[in-house]
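Here is the structure we will look at, set down as C-alpha coordinates.
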Amino acid sequence: MRTAVGWTGDAIEIIDQTLLPAEERVIRLTSVDEVVDAIQRLAVRGAPAIGVTGALGVLLAGDDAAAAERIASARPTAVNLRWAVERVLAAEDRKAEALAILEEDVAACHAIGEFGRAELGGAAKILTVCNTGRLATAGWGTALGVVYAKHAAGEPIEVFACETRPLLQGARLTAWELDDAGIPVTVLPDGAAPALLAGGQIDAVIVGADRIAANGDTANKIGTYALAIAARHHGVPFYVAAPRSTLDPATPHGAVIEIEERDGSEVRRVAGLEESTRVWNPAFDVTPASLITGLITDAGVLRAPFGPAISGALS
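Be aware that the sequence shown starts at 229, since it is given in our numbering, and climbs by one per residue.
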(Lines of atoms letter the chains of each structure in order from A and count residues from 1; the text may use other names and numbers.)
(Lines give C-alpha, C1' and ligand atoms only; values in the text may rest on other atoms or scores of the structure.)
Protein backbone atom coordinates (compact mmCIF):
# COMPACT_ATOMS: atom_id res chain seq x y z
CA MET A 1 0.00 0.00 0.00
CA ARG A 2 1.58 3.28 -1.13
CA THR A 3 2.16 5.93 1.51
CA ALA A 4 1.33 9.63 1.19
CA VAL A 5 4.96 10.75 0.92
CA GLY A 6 8.30 9.09 0.14
CA TRP A 7 11.83 9.82 -1.02
CA THR A 8 13.37 8.30 -4.16
CA GLY A 9 16.90 9.62 -3.69
CA ASP A 10 16.48 12.66 -5.90
CA ALA A 11 12.80 13.55 -5.59
CA ILE A 12 9.82 13.50 -3.24
CA GLU A 13 6.94 11.31 -4.34
CA ILE A 14 3.44 12.05 -3.11
CA ILE A 15 -0.08 10.92 -3.88
CA ASP A 16 -1.87 13.92 -5.36
CA GLN A 17 -4.79 14.09 -2.95
CA THR A 18 -6.67 16.69 -4.95
CA LEU A 19 -7.51 13.95 -7.46
CA LEU A 20 -8.84 11.35 -5.02
CA PRO A 21 -11.03 9.35 -5.03
CA ALA A 22 -11.44 9.51 -8.81
CA GLU A 23 -7.75 8.97 -9.56
CA GLU A 24 -4.77 7.75 -7.54
CA ARG A 25 -1.83 9.55 -9.17
CA VAL A 26 1.72 9.69 -7.82
CA ILE A 27 3.61 12.88 -8.66
CA ARG A 28 7.30 13.72 -8.27
CA LEU A 29 8.46 16.92 -6.63
CA THR A 30 11.93 17.90 -7.79
CA SER A 31 12.10 21.59 -6.87
CA VAL A 32 11.26 23.90 -4.02
CA ASP A 33 8.57 25.58 -6.15
CA GLU A 34 6.88 22.22 -6.65
CA VAL A 35 7.09 21.40 -2.93
CA VAL A 36 5.54 24.73 -1.90
CA ASP A 37 2.83 24.40 -4.53
CA ALA A 38 1.97 20.84 -3.47
CA ILE A 39 1.66 21.89 0.18
CA GLN A 40 -0.38 25.01 -0.50
CA ARG A 41 -2.85 23.42 -2.92
CA LEU A 42 -3.26 20.41 -0.59
CA ALA A 43 -1.84 17.84 -2.99
CA VAL A 44 -0.07 16.71 0.17
CA ARG A 45 -1.82 17.51 3.45
CA GLY A 46 -2.08 16.45 7.07
CA ALA A 47 0.32 17.94 9.61
CA PRO A 48 2.66 14.92 9.88
CA ALA A 49 2.78 14.38 6.10
CA ILE A 50 3.55 18.01 5.31
CA GLY A 51 6.19 17.96 8.04
CA VAL A 52 7.89 15.01 6.34
CA THR A 53 7.50 16.70 2.96
CA GLY A 54 9.05 19.87 4.36
CA ALA A 55 11.99 17.91 5.79
CA LEU A 56 12.64 16.27 2.44
CA GLY A 57 12.09 19.59 0.68
CA VAL A 58 15.12 21.02 2.49
CA LEU A 59 17.22 18.48 0.58
CA LEU A 60 15.95 20.02 -2.66
CA ALA A 61 16.62 23.54 -1.35
CA GLY A 62 20.32 22.84 -0.80
CA ASP A 63 22.04 25.81 0.82
CA ASP A 64 19.34 28.29 -0.21
CA ALA A 65 18.03 29.58 3.15
CA ALA A 66 15.32 31.66 1.52
CA ALA A 67 14.02 28.60 -0.30
CA ALA A 68 13.92 26.62 2.93
CA GLU A 69 11.97 29.46 4.59
CA ARG A 70 9.45 29.41 1.75
CA ILE A 71 8.81 25.75 2.53
CA ALA A 72 8.57 26.35 6.28
CA SER A 73 5.98 29.11 5.85
CA ALA A 74 3.90 27.42 3.13
CA ARG A 75 1.12 26.70 5.65
CA PRO A 76 1.21 28.54 8.97
CA THR A 77 -1.01 26.56 11.34
CA ALA A 78 0.60 23.11 11.27
CA VAL A 79 3.59 23.29 13.60
CA ASN A 80 5.12 20.09 12.16
CA LEU A 81 6.16 21.86 8.97
CA ARG A 82 8.45 24.52 10.46
CA TRP A 83 9.63 22.09 13.15
CA ALA A 84 10.78 19.61 10.51
CA VAL A 85 12.42 22.20 8.25
CA GLU A 86 14.36 23.78 11.12
CA ARG A 87 15.43 20.39 12.46
CA VAL A 88 16.91 19.39 9.10
CA LEU A 89 18.59 22.78 8.62
CA ALA A 90 20.30 22.40 12.00
CA ALA A 91 21.59 18.89 11.29
CA GLU A 92 25.12 18.06 10.21
CA ASP A 93 23.84 15.31 7.90
CA ARG A 94 20.66 16.77 6.45
CA LYS A 95 19.70 13.75 4.35
CA ALA A 96 19.98 11.40 7.32
CA GLU A 97 17.94 13.80 9.46
CA ALA A 98 15.18 14.16 6.87
CA LEU A 99 14.89 10.39 6.47
CA ALA A 100 14.94 10.01 10.25
CA ILE A 101 11.93 12.33 10.49
CA LEU A 102 10.11 10.14 7.97
CA GLU A 103 10.88 6.94 9.87
CA GLU A 104 10.04 8.53 13.21
CA ASP A 105 6.61 9.45 11.90
CA VAL A 106 5.97 5.85 10.85
CA ALA A 107 6.94 4.68 14.35
CA ALA A 108 4.91 7.44 16.02
CA CYS A 109 1.80 6.45 14.07
CA HIS A 110 2.19 2.84 15.22
CA ALA A 111 2.64 3.90 18.85
CA ILE A 112 -0.38 6.23 18.70
CA GLY A 113 -2.45 3.39 17.28
CA GLU A 114 -1.49 0.97 20.05
CA PHE A 115 -1.90 3.50 22.88
CA GLY A 116 -5.27 4.47 21.43
CA ARG A 117 -6.37 0.86 21.09
CA ALA A 118 -5.59 0.25 24.76
CA GLU A 119 -7.38 3.44 25.80
CA LEU A 120 -10.49 2.70 23.74
CA GLY A 121 -10.76 -1.04 24.17
CA GLY A 122 -14.54 -0.99 24.38
CA ALA A 123 -15.17 1.59 21.69
CA ALA A 124 -16.46 0.12 18.43
CA LYS A 125 -18.15 3.15 16.81
CA ILE A 126 -15.85 6.10 16.18
CA LEU A 127 -16.77 9.56 14.88
CA THR A 128 -14.10 11.65 13.19
CA VAL A 129 -13.58 14.67 10.95
CA CYS A 130 -11.19 15.38 8.07
CA ASN A 131 -8.56 12.74 7.20
CA THR A 132 -6.01 11.46 9.68
CA GLY A 133 -4.89 8.19 8.14
CA ARG A 134 -2.22 7.00 5.75
CA LEU A 135 -2.92 9.95 3.46
CA ALA A 136 -2.10 12.42 6.25
CA THR A 137 1.09 10.85 7.59
CA ALA A 138 4.08 8.75 6.57
CA GLY A 139 2.60 5.81 8.47
CA TRP A 140 -0.92 4.48 9.03
CA GLY A 141 -2.23 7.62 10.66
CA THR A 142 -3.02 9.35 13.94
CA ALA A 143 -6.74 9.25 14.76
CA LEU A 144 -7.25 6.66 12.03
CA GLY A 145 -4.12 4.93 13.29
CA VAL A 146 -6.19 3.98 16.35
CA VAL A 147 -8.85 2.60 14.01
CA TYR A 148 -6.28 0.61 12.03
CA ALA A 149 -4.74 -0.78 15.22
CA LYS A 150 -8.13 -1.98 16.44
CA HIS A 151 -8.89 -3.49 13.04
CA ALA A 152 -5.50 -5.26 12.91
CA ALA A 153 -6.17 -6.73 16.36
CA GLY A 154 -9.48 -8.17 15.18
CA GLU A 155 -11.57 -5.83 17.31
CA PRO A 156 -14.95 -4.63 15.97
CA ILE A 157 -14.63 -1.13 14.57
CA GLU A 158 -16.83 1.17 12.51
CA VAL A 159 -16.12 4.77 11.51
CA PHE A 160 -18.50 7.67 10.96
CA ALA A 161 -16.73 10.31 8.88
CA CYS A 162 -17.90 13.91 8.68
CA GLU A 163 -17.75 15.19 5.09
CA THR A 164 -15.45 18.05 6.15
CA ARG A 165 -16.55 20.96 4.02
CA PRO A 166 -15.64 22.75 1.87
CA LEU A 167 -12.98 20.40 0.43
CA LEU A 168 -14.55 17.15 1.66
CA GLN A 169 -11.44 15.48 3.06
CA GLY A 170 -13.66 13.17 5.09
CA ALA A 171 -15.91 12.17 2.22
CA ARG A 172 -13.17 11.98 -0.41
CA LEU A 173 -10.16 10.73 1.54
CA THR A 174 -11.20 9.05 4.78
CA ALA A 175 -13.98 7.07 3.13
CA TRP A 176 -11.64 6.10 0.27
CA GLU A 177 -8.84 4.75 2.44
CA LEU A 178 -11.13 2.98 4.91
CA ASP A 179 -13.02 1.32 2.07
CA ASP A 180 -9.65 0.24 0.67
CA ALA A 181 -8.74 -1.26 4.06
CA GLY A 182 -12.05 -3.09 4.41
CA ILE A 183 -13.18 -1.06 7.44
CA PRO A 184 -16.88 -0.09 7.57
CA VAL A 185 -17.33 3.65 7.10
CA THR A 186 -20.39 5.90 6.93
CA VAL A 187 -20.11 9.46 5.59
CA LEU A 188 -22.36 12.12 7.10
CA PRO A 189 -22.87 15.87 6.57
CA ASP A 190 -20.87 17.91 9.07
CA GLY A 191 -24.06 19.38 10.53
CA ALA A 192 -25.50 15.92 11.22
CA ALA A 193 -22.81 14.97 13.74
CA PRO A 194 -24.56 16.40 16.85
CA ALA A 195 -27.73 14.48 16.00
CA LEU A 196 -25.69 11.30 15.65
CA LEU A 197 -24.07 11.91 19.04
CA ALA A 198 -27.48 12.63 20.57
CA GLY A 199 -28.74 9.27 19.35
CA GLY A 200 -26.19 7.40 21.47
CA GLN A 201 -24.66 5.70 18.45
CA ILE A 202 -21.06 6.87 18.99
CA ASP A 203 -18.63 5.45 21.56
CA ALA A 204 -15.89 8.07 21.09
CA VAL A 205 -14.82 10.98 18.92
CA ILE A 206 -11.20 10.89 17.76
CA VAL A 207 -9.66 13.71 15.70
CA GLY A 208 -6.18 14.75 14.64
CA ALA A 209 -4.34 18.01 15.26
CA ASP A 210 -2.23 20.56 13.42
CA ARG A 211 -0.92 22.27 16.56
CA ILE A 212 -1.36 21.60 20.27
CA ALA A 213 -0.54 24.55 22.51
CA ALA A 214 1.31 24.24 25.81
CA ASN A 215 -1.97 24.21 27.76
CA GLY A 216 -3.61 21.56 25.55
CA ASP A 217 -5.72 23.86 23.35
CA THR A 218 -5.76 22.23 19.93
CA ALA A 219 -6.00 23.58 16.38
CA ASN A 220 -7.54 21.14 13.92
CA LYS A 221 -9.70 21.13 10.81
CA ILE A 222 -12.62 23.55 10.90
CA GLY A 223 -15.62 21.83 12.48
CA THR A 224 -13.62 20.10 15.21
CA TYR A 225 -14.63 22.62 17.87
CA ALA A 226 -18.32 22.00 17.16
CA LEU A 227 -17.77 18.24 17.47
CA ALA A 228 -16.06 18.73 20.84
CA ILE A 229 -18.94 20.84 22.17
CA ALA A 230 -21.53 18.31 20.98
CA ALA A 231 -19.52 15.40 22.39
CA ARG A 232 -19.27 17.06 25.80
CA HIS A 233 -23.00 17.85 25.83
CA HIS A 234 -23.88 14.23 25.11
CA GLY A 235 -21.29 12.65 27.40
CA VAL A 236 -19.15 11.13 24.64
CA PRO A 237 -15.36 11.10 25.18
CA PHE A 238 -13.41 13.37 22.83
CA TYR A 239 -9.80 12.47 22.01
CA VAL A 240 -7.08 14.17 19.99
CA ALA A 241 -4.46 11.89 18.40
CA ALA A 242 -1.13 13.41 17.33
CA PRO A 243 2.62 12.77 17.46
CA ARG A 244 4.84 14.71 19.85
CA SER A 245 6.03 16.81 16.89
CA THR A 246 2.58 18.46 16.96
CA LEU A 247 3.00 19.57 20.58
CA ASP A 248 4.09 23.21 20.64
CA PRO A 249 5.40 24.36 24.03
CA ALA A 250 6.28 27.76 22.54
CA THR A 251 2.59 28.56 22.01
CA PRO A 252 1.01 29.15 25.43
CA HIS A 253 -2.65 28.77 24.45
CA GLY A 254 -4.98 28.47 21.49
CA ALA A 255 -5.87 32.14 21.19
CA VAL A 256 -2.44 32.93 19.73
CA ILE A 257 -2.37 30.11 17.16
CA GLU A 258 -2.28 31.57 13.66
CA ILE A 259 -5.29 30.20 11.79
CA GLU A 260 -4.84 29.85 8.04
CA GLU A 261 -7.62 31.47 6.03
CA ARG A 262 -7.97 29.94 2.61
CA ASP A 263 -9.27 31.46 -0.60
CA GLY A 264 -13.01 32.01 -0.74
CA SER A 265 -13.17 30.33 -4.13
CA GLU A 266 -13.06 26.95 -2.34
CA VAL A 267 -16.50 27.71 -0.90
CA ARG A 268 -17.89 29.60 -3.90
CA ARG A 269 -17.03 26.71 -6.20
CA VAL A 270 -19.02 24.20 -4.12
CA ALA A 271 -22.09 26.43 -3.90
CA GLY A 272 -21.91 27.96 -7.39
CA LEU A 273 -21.68 31.46 -5.93
CA GLU A 274 -20.75 34.63 -7.76
CA GLU A 275 -17.16 35.79 -7.38
CA SER A 276 -18.44 38.94 -5.65
CA THR A 277 -19.95 36.92 -2.77
CA ARG A 278 -17.97 37.47 0.42
CA VAL A 279 -16.66 34.31 2.09
CA TRP A 280 -14.93 33.56 5.39
CA ASN A 281 -13.00 30.31 4.92
CA PRO A 282 -10.82 29.42 7.95
CA ALA A 283 -9.04 26.10 7.48
CA PHE A 284 -8.94 25.35 11.21
CA ASP A 285 -10.56 26.12 14.54
CA VAL A 286 -9.30 25.79 18.11
CA THR A 287 -10.77 23.35 20.62
CA PRO A 288 -10.19 24.38 24.25
CA ALA A 289 -8.30 21.88 26.38
CA SER A 290 -11.27 21.76 28.76
CA LEU A 291 -13.27 19.84 26.13
CA ILE A 292 -10.57 17.22 25.48
CA THR A 293 -10.70 13.87 27.30
CA GLY A 294 -7.14 12.96 26.40
CA LEU A 295 -4.29 13.50 23.95
CA ILE A 296 -3.26 10.19 22.38
CA THR A 297 0.43 10.62 21.51
CA ASP A 298 3.38 8.39 20.73
CA ALA A 299 4.45 8.91 24.36
CA GLY A 300 1.15 7.65 25.73
CA VAL A 301 -2.23 9.18 26.58
CA LEU A 302 -1.85 12.63 28.15
CA ARG A 303 -4.55 13.84 30.51
CA ALA A 304 -5.47 17.08 32.26
CA PRO A 305 -3.81 19.14 33.52
CA PHE A 306 -2.29 19.10 30.05
CA GLY A 307 0.45 21.66 30.71
CA PRO A 308 2.55 19.39 32.95
CA ALA A 309 1.64 16.34 30.87
CA ILE A 310 2.86 17.97 27.65
CA SER A 311 6.06 19.17 29.31
CA GLY A 312 6.69 15.65 30.57
CA ALA A 313 6.07 14.08 27.17
CA LEU A 314 8.61 16.43 25.56
CA SER A 315 11.31 16.07 28.22
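We put the CB at the ideal spot given by N, CA and C, even for glycine.
query = Which one or two residues does DSSP pair with T356 in a beta bridge?
reply = Under DSSP, T356 shares a beta bridge with A389.
request  = Answer yes or no: do A437 and T474 have a C-beta to C-beta separation smaller than 9 Å?
outcome  = Cβ distance < 9 Å, so A437 and T474 count as in contact.
inquiry  = By the DSSP assignment, the beta strand (DSSP E) with L523 in it spans what residues?
reply    = Run containing L523: 522-525, per the beta strand (DSSP E) assignment.
request  = Please go through the same chain and pick out, in chain order, the residues whose beta-carbon is closer than 8 Å to the beta-carbon of E314, but skip the five residues on each side of it.
outcome  = Correct list, in chain order: A300.
ask   = How is G373 classed by DSSP in three states: helix, strand or coil?
value = Per DSSP, reduced to three states, the secondary structure at G373 is helical.
task = Name the one or two DSSP bridge partners that F466 has.
result = Under DSSP, the beta-bridge partners assigned to F466 are V433.
message = If distances are taken between C-alpha atoms only, which option among W508, A335, L542 comes closest to E494?
response = For the residues W508, A335, L542, the minimum Cα distance to E494 belongs to W508.
task = Please classify P422: does DSSP put it in a helix, a strand, or coil?
result = Here P422 sits in helix by DSSP.
key: Presumed contact (8 Å Cβ cut-off) between L396 and F466, rounded CB distance   = Contact between L396 and F466 is ruled out by a C-beta separation of about 22 Å, above the 8 Å threshold.
The stretch 372-387 in contact with the stretch 348-358 per 3-pair CB rule at 8 Å = Yes, they touch.
ask   = What separation, rounded to the nearest whole angstrom, lies between the Cα atoms of L523 and R273?
value = Taking C-alpha positions only, L523 is separated from R273 by approximately 21 Å.
inquiry  = Given this structure, state the Cα-to-Cα distance separating A250 from A532, to the nearest angstrom.
reply    = Pairing A250 with A532, the inter-Cα distance amounts to about 42 Å.
query = Hey, which unbroken runs of the beta strand (DSSP E) at 3 residues or more fall wholly within the stretch 445-514?
reply = Secondary structure remark: continuous beta strand (DSSP E) runs of at least 3 residues inside the stretch 445-514, in chain order: 446-449, 466-469.
request  = Report the rounded CA-to-CA distance for T452 versus G367, giving the unit in angstroms.
outcome  = Each residue's Cα considered, the two are about 23 Å apart.
task = Kindly indicate which residue of S259, L284, A442, A420 has the alpha-carbon position closest to the one of D321.
result = Taking only the C-alpha atoms, the option nearest D321 is L284.
message = Using only CA atoms, which one of A470, P276, G234 lies nearest to R256?
response = The shortest Cα separation from R256 among A470, P276, G234 belongs to G234.
request  = Along the beta strand (DSSP E) that carries V313, what are the first and last residues, could you check?
outcome  = Unbroken run through V313 is the alpha helix (DSSP H), 307-317; no beta strand (DSSP E).
For E252, three-class secondary structure by DSSP = Of the three classes helix, strand and coil, the one that applies to E252 here is coil, per DSSP.
request  = Hey, could you find the ends of the alpha helix (DSSP H) R439 is sitting in?
outcome  = Not the alpha helix (DSSP H): R439 falls in the beta strand (DSSP E), residues 439-441.
ask   = Based on the DSSP output, what are the partners of V233 in its beta bridges?
value = According to DSSP, which records beta bridges pairwise, V233 is partnered with I242.
query = Does the separation of the CB atoms of L309 and A275 fall below 9 Å?
reply = Yes, these two residues count as a Cβ contact at 9 Å.
message = Please state whether the Cβ-Cβ distance between L401 and Q268 is less than 9 Å.
response = The criterion of a C-beta distance shorter than 9 Å is not satisfied by L401 and Q268.
query = Buried or exposed: which applies to T515, given that a residue is buried once 16 or more other Cβ atoms fall within 10 Å of its Cβ?
reply = Buried: at least 16 other Cβ atoms inside 10 Å.
task = In the DSSP assignment, find the unbroken alpha helix (DSSP H) run with L284 in it and report its ends.
result = 275-289 is the span of the alpha helix (DSSP H), which, as asked, contains L284.
key: Buried versus exposed, by CB contacts within 10 Å (16 or more), G482   = It counts as buried.
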